[in-house]
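J.:
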Amino acid sequence: MTEKVSVQSPMLSFVPSEMPDPAPYHLLTSVVAPRPIAWVSTISAAGVPNLAPYSFYNAVAGFPPTIMFSVAYRRREPREKDTLRNIREVGEFVSHIVDAAGANAMMQTAIEWESNVNEFDKAELETVPAIDVRPLRIAAAPVAMECKVTQIVPVEGATNVMVLGRVLRFHIREDLYRSDLGLVDTVRMQPITRLGGSVEYTRIGELFHLEMPAH
Ligand SMILES: Cc1cc2nc3c(=O)[nH]c(=O)nc-3n(C[C@H](O)[C@H](O)[C@H](O)COP(=O)(O)O)c2cc1C
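Residue numbers (my numbering): 172 to 386.
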């Protein structure tokens, strides 16, 4: 792990504005990897449930716990995705962890269905009501976070819009909770995470500890 990389190693250099679309996207997502996946449940003002995965996703603050995900335009139509429209209408979402058991269902929900399609039905996912927000929760997901939208931030120069949400409630499957530490057993949970391109994913491998050096 401490092996030194020779400064003589040949390097390639790329300028995104000189690359054909979608090459910069593929390069970026193979570099910033593995990326966690938020499986995001929303609901329209009219009450149509929606579910879709987002891997431009991370935690951005610990107290209060705040997460973000970033939504681009649809691939074939120049319009906002249903998730974002629902977020604007209702201001709430439930973000789930995807484990291997949920992977195929997750892919079903990534299809750009018509707005009136309920992806929970398409993916044959059982739901339970959330407690503090209106969007539904996936019953089988190992972790779910009920969130209230706090900010909607357009990404300059992109069709992406960053959605930030405060976690109002965590749902953690009991066997995954390490009560002595107040942590989830992430290795046991085995979230699937995304690599570059369109089809590459990975799961958690080796766990090791690093201590903060004394200073
Ligand atoms: C693993 C995975 C991660 C994805 N991440 C994103 C993302 O971060 N941002 C995005 O706009 N679309 C992402 N997508 C595509 C959306 O899930 C897809 O466009 C979906 O149909 C949107 O649904 P909606 O229109 O119901 O919101 C991802 C797809 C997959 C399979």
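Cβ atoms here follow ideal geometry from the backbone N, Cα and C, with glycine treated the same way.
Please state if the CB of Phe240 and the CB of Ala209 are separated by a distance shorter than 8 Å.
T.: It is a contact, given that the beta carbons lie within the stated cut-off.
J.: Cutting at 7 Å between CB atoms, please list the residues of its own chain near Phe185, excluding the five before and the five after it.
T.: Within the same chain, Phe185 has close Cβ partners Leu198.
J.: Assign Ala312 to one of two classes, buried (16 or more other C-beta atoms within 10 Å of its C-beta) or exposed (fewer than that).
T.: Buried, because 16 or more other Cβ atoms sit within 10 Å of the Cβ of Ala312.
J.: Rounding to the nearest angstrom, what Cα-Cα distance links Asp270 and Ser201 in this structure?
T.: Looking at the two C-alpha atoms, the distance is approximately 21 Å.
J.: Which residues in the same chain have their Cβ closer than 8 Å to the Cβ of Arg308, if we skip the five residues on either side of it in sequence?
T.: Here the set comprises Ser212, Val265, His267, Thr298, Val299, Pro300, Ala301, Ala315, Glu317 and His342.
J.: Could you tell me whether any non-hydrogen atom of ligand 1 is closer than 7 Å to the CB of Ala243?
T.: Within the cutoff, so yes.
J.: Any chance the segment 319 to 330 sits against the segment 241 to 249, with 3 or more Cβ pairs inside 8 Å?
T.: These segments touch.
J.: Are the segment 272 to 287 and the segment 242 to 261 in contact at 8 Å, needing three or more beta carbon pairs?
T.: Touching, yes, given that three or more Cβ pairs across the two stretches are closer than 8 Å.
J.: Would you grab the beta carbon distance between Leu366 and Ala216 for me? Rounded to a whole angstrom, and I think it's under 8 Å.
T.: The pair is not a contact, with the Cβ atoms about 36 Å apart (cut-off 8 Å).
J.: Leu222 by DSSP, collapsed to three states: which one?
T.: It is a strand residue.
J.: Return the Cβ separation of Arg259 and Ile323 in integer angstroms, given the expectation that the two are a contact with Cβ distance under 8 Å.
T.: Between Ile323 and Arg259 the Cβ distance is about 7 Å, and since that is below 8 Å, they are a contact.
J.: Which value, in whole angstroms, describes the spacing of the CA atoms of Ala385 and Phe379?
T.: Approximately 19 Å, taken between the alpha carbons.
J.: Is the CB-CB distance between Ala276 and Leu255 below 8 Å?
T.: Not in contact: Ala276 and Leu255 (Cβ atoms no closer than 8 Å).
J.: Following the continuous alpha helix (DSSP H) through Phe291, name the residue where it begins and the one where it ends.
T.: Unbroken alpha helix (DSSP H) run through Phe291: Glu290 to Lys293.
J.: Check for me: the beta strand (DSSP E) holding Met316 runs from which residue to which?
T.: Its beta strand (DSSP E) spans residues Val314 to Pro325.
J.: Could you give the residue range of the alpha helix (DSSP H) that holds Pro195?
T.: From DSSP, the alpha helix (DSSP H) with Pro195 extends over Ala194 to Val202.
J.: May I ask you to report which of helix, strand or coil DSSP gives Ser188?
T.: Helix, per DSSP.
J.: So, using beta-carbon positions, are Arg206 and Glu263 closer together than 8 Å?
T.: Not closer than 8 Å, so no.
J.: Excluding the five sequence neighbours on either side, which residues of its own chain have a C-beta within less than 6 Å of the C-beta of Arg349, listed in chain order?
T.: The answer, listed in chain order, is Asp356.
J.: Using a threshold of 7 Å, is the CB atom of Thr254 nearer than that to any non-hydrogen atom of ligand 1?
T.: Yes, Cβ of Thr254 sits closer than 7 Å to a heavy atom of ligand 1.
J.: Could you have a look at Gly336 and say whether DSSP puts it in helix, strand or coil?
T.: Gly336: strand per DSSP, three-state reduction.
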